[in-house]
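Peer 1:
2 protein chains.
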Amino acid sequence: MYSSPPALEKLVQEFSKLPSIGRKTARRLAFYLVSGDKKKMGDLAEALTEAQNRIVHCSCCYGFSESEICQICENPRRSREILCVVERASDILPFENSGIHKGLYFVLGGVLSPLDGIKPETLRIPILIERIEREGVKELILALGSSPEAESTALYIDRVLANSPVRRTKLARGIPVGSDLEFIDDVTMLRAFEERVGI
Amino acid sequence: MYSSPPALEKLVQEFSKLPSIGRKTARRLAFYLVSGDKKKMGDLAEALTEAQNRIVHCSCCYGFSESEICQICENPRRSREILCVVERASDILPFENSGIHKGLYFVLGGVLSPLDGIKPETLRIPILIERIEREGVKELILALGSSPEAESTALYIDRVLANSPVRRTKLARGIPVGSDLEFIDDVTMLRAFEERVGI
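Order-wise, the sequence lines are chains A and B.
Per this note's numbering, residue 1405 is the first one in the first sequence, and the count goes up by one each step.
Per this note's numbering, residue 1405 is the first one in the second sequence, and the count goes up by one each step.
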């Protein structure tokens, strides 16, 4: 059985390890890079190596950063009193794009899942609790996902802080702005209806 | 306006240059790589660098190879009398996967397109003609695409070889094996009907 040159096969294989990239797409990407200007391959390889060497987790919020403390955490104009807790570092971006959040972030690193052995200590929950107390956080926005695990993680954190003066909030669920009602899924409709607000 | 760390933005940018990878997918890929084991980034960077350094065009068929002459061209059991002409190096793979072609290949490097300045000399047509004469090719399979440009390229080559004894053929067009008739596009149906064969 014929196969492409080993270096090409290896590239296809590496691409197909990426999420949402199947064997066919991986092959198309590899052939595209190999067919064209070889500089494109070098540029991508360089960007990868740069990212590998430079990107670290901010030691304050655990988001991505190129320095010990990220630009959000070290910004003196951001409120230290409102802390937005997200699951993954990539969840910070949509908040920053909207520009609505003036406080800081905390990346939890996942959600509780006892069956998979993910306990409070596996996540950064103890670090979060300690930080809330140390820095006098006034409001904690639990911006976790809507999976059962994410919801129970938010509930768990809420319960741990039951005797703390910190206000705990979560994002509103409902109909996305600009969405047509007929395309709304059942669960979102249920939430939007249950959590309807006065006009 | 906030942006992710420069090295991460750069990676997103490089990924979004790839075909069929939009901004959102590029971002997902970059975040995926940065979030996980950093070895994954190194592996991909290495595969790219390897491919960049190793992959060359076979000096005989112009397909991808890691040596001066590719494994197909240097295989003594393959017939030198049947030559399959394809547009791109990546077009060789489906033939090899089916195992049906026992001859050699020739990568044309594109199709004629006078409006874009692609003339016979821009492609490898003179090299092809010279090779057919020199090596005593008996059959030339013109396996180019079905775009108007590809069809006129095949016609052009056929005409150049009008006085040559070499037999010129093209791939059969018709209903794909296993396809449901109701999903066949009009042009394919037209071809399949026109070029119907006796049972």
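All C-beta atoms in this analysis are idealised placements derived from N, C-alpha and C, irrespective of residue type, glycine included.
Is the segment 1489-1499 of chain A touching the segment 1543-1551 of chain A, taking contact as three or more C-beta pairs under 8 Å?
Peer 2: yes
Peer 1: Which of the three DSSP states, helix, strand or coil, is assigned to residue 1453 of chain A?
Peer 2: Residue 1453 of chain A: helix per DSSP, three-state reduction.
Peer 1: Please name the residues in the segment 1445-1469 of chain B whose beta-carbon is closer than 7 Å to at least one beta-carbon of chain A, in chain order.
Peer 2: 1445, 1446, 1447, 1448, 1449, 1451, 1452, 1453, 1454, 1455, 1456, 1458, 1459, 1468, 1469
Peer 1: Using DSSP with H/G/I as helix, E/B as strand and the rest coil, what is residue 1414 of chain A?
Peer 2: helix
Peer 1: Measure from the alpha carbon of residue 1457 of chain A to the alpha carbon of each residue in A:1465, A:1579, A:1471, A:1467, then state which is nearest.
Peer 2: A:1471
Peer 1: What are the partner residues of residue 1573 of chain A, as DSSP defines its beta bridges?
Peer 2: A:1545
Peer 1: With a cut-off of 8 Å, do at least 3 Cβ pairs link the segment 1418-1425 of chain A to the segment 1442-1450 of chain B?
Peer 2: Yes, the segment 1418-1425 of chain A is in contact with the segment 1442-1450 of chain B.
Peer 1: Secondary structure at residue 1591 of chain B, three-state DSSP: helix, strand or coil?
Peer 2: helix
Peer 1: Which residues in the same chain have their Cβ closer than 8 Å to the Cβ of residue 1570 of chain B, if we skip the five residues on either side of it in sequence?
Peer 2: Excluding its 5 nearest sequence neighbours in each direction, residue 1570 of chain B has C-beta neighbours in its own chain below 8 Å: 1536, 1541, 1542, 1543, 1544, listed in chain order.
Peer 1: Spatial neighbours of residue 1510 of chain A within its chain, please: CB distance less than 6 Å, with the 5 preceding and 5 following residues excluded, ordered by chain position.
Peer 2: 1465, 1487, 1489, 1532
Peer 1: Between the Cα of residue 1683 of chain B and the Cα atoms of B:1524, B:1578, B:1584, B:1582, which residue gives the shortest distance?
Peer 2: Beyond the ends of chain B as shown, which are 1405 and 1603, falls residue 1683 of chain B; an answer cannot be given.
Peer 1: Return yes when the Cβ of residue 1496 of chain A is within less than 9 Å of the Cβ of residue 1433 of chain B, no when it is not.
Peer 2: Cβ distance not < 9 Å, so residue 1433 of chain B and residue 1496 of chain A don't count as in contact.
Peer 1: If I follow the unbroken beta strand (DSSP E) through residue 1486 of chain A, where does it start and stop?
Peer 2: 1486-1490
Peer 1: Mapping the DSSP letters down to three states, classify residue 1407 of chain B as helix, strand or coil.
Peer 2: coil
Peer 1: Provide the residue span of the alpha helix (DSSP H) that contains residue 1604 of chain B, from first to last.
Peer 2: Within the shown structure, residues of chain B are numbered from 1405 to 1603, placing residue 1604 of chain B beyond reach of any answer.
Peer 1: Counting only runs of 3+ residues fully inside the segment 1459-1504 of chain B, write out the beta strand (DSSP E) ranges in chain order.
Peer 2: 1486-1490
Peer 1: Using CA coordinates, which residue listed in A:1427, A:1467, A:1413, A:1428 is at the minimum distance from residue 1439 of chain B?
Peer 2: A:1467
Peer 1: Check each candidate in A:1481, A:1485, A:1460, A:1482 and name the one with the smallest Cα separation from residue 1473 of chain A.
Peer 2: A:1460
Peer 1: Would DSSP call residue 1551 of chain B helix, strand or coil?
Peer 2: coil
Peer 1: I need the DSSP call for residue 1397 of chain A, collapsed to helix, strand or coil.
Peer 2: Residue 1397 of chain A falls outside the range modelled here, since chain A spans only 1405 to 1603, and no answer is possible.
Peer 1: Going along the segment 1408-1423 of chain B in order, which residues come within less than 8 Å of chain A, judged by CB to CB distance?
Peer 2: 1408, 1409, 1410, 1411, 1412, 1414, 1415, 1417, 1418, 1419, 1421, 1422, 1423
Peer 1: How is the alpha helix (DSSP H) around residue 1583 of chain B delimited, first residue to last?
Peer 2: Annotation for residue 1583 of chain B: no alpha helix (DSSP H) segment contains it, and DSSP assigns it neither H nor E.
Peer 1: Closer than 8 Å, Cβ to any Cβ of chain B: which residues of the segment 1484-1499 of chain A, in chain order?
Peer 2: 1492, 1493, 1494, 1497
Peer 1: Strictly below 9 Å CB to CB, what residues from chain A border residue 1439 of chain B?
Peer 2: 1468, 1492, 1493, 1494
Peer 1: Would you report the Cα separation of residue 1462 of chain A and residue 1469 of chain A, rounded to the nearest angstrom?
Peer 2: Across the structure, residue 1462 of chain A and residue 1469 of chain A are spaced so that their CA atoms are roughly 5 Å apart.
Peer 1: Going by other Cβ atoms of all chains shown within 10 Å of its Cβ, with 16 needed for buried, is residue 1409 of chain B buried or exposed?
Peer 2: buried
Peer 1: Once the 5 residues before and after residue 1530 of chain B are set aside, which same chain residues still bring their CB inside 8 Å of it?
Peer 2: 1524
Peer 1: From which residue to which residue does the alpha helix (DSSP H) around residue 1655 of chain B run?
Peer 2: Lying outside 1405 to 1603, the shown extent of chain B, residue 1655 of chain B is not represented and no answer is given.
Peer 1: Flag this pair as yes or no: are the beta carbons of residue 1578 of chain B and residue 1554 of chain B separated by less than 9 Å?
Peer 2: no
Peer 1: Are the CB atoms of residue 1557 of chain A and residue 1508 of chain A nearer to each other than 9 Å?
Peer 2: no
Peer 1: Rounded to the nearest angstrom, what separates residue 1598 of chain A and residue 1407 of chain B at their Cα positions?
Peer 2: 36 Å
Peer 1: With a threshold of 9 Å between beta carbons, is residue 1477 of chain B in contact with chain A?
Peer 2: Contacts with chain A at 9 Å (Cβ-Cβ) do not include residue 1477 of chain B.
Peer 1: Round the Cβ separation of residue 1484 of chain B and residue 1506 of chain B to the nearest angstrom and send it over; I've been treating them as touching at under 8 Å.
Peer 2: At roughly 11 Å, the Cβ-Cβ gap does not stay under 8 Å, so residue 1484 of chain B and residue 1506 of chain B are not in contact.
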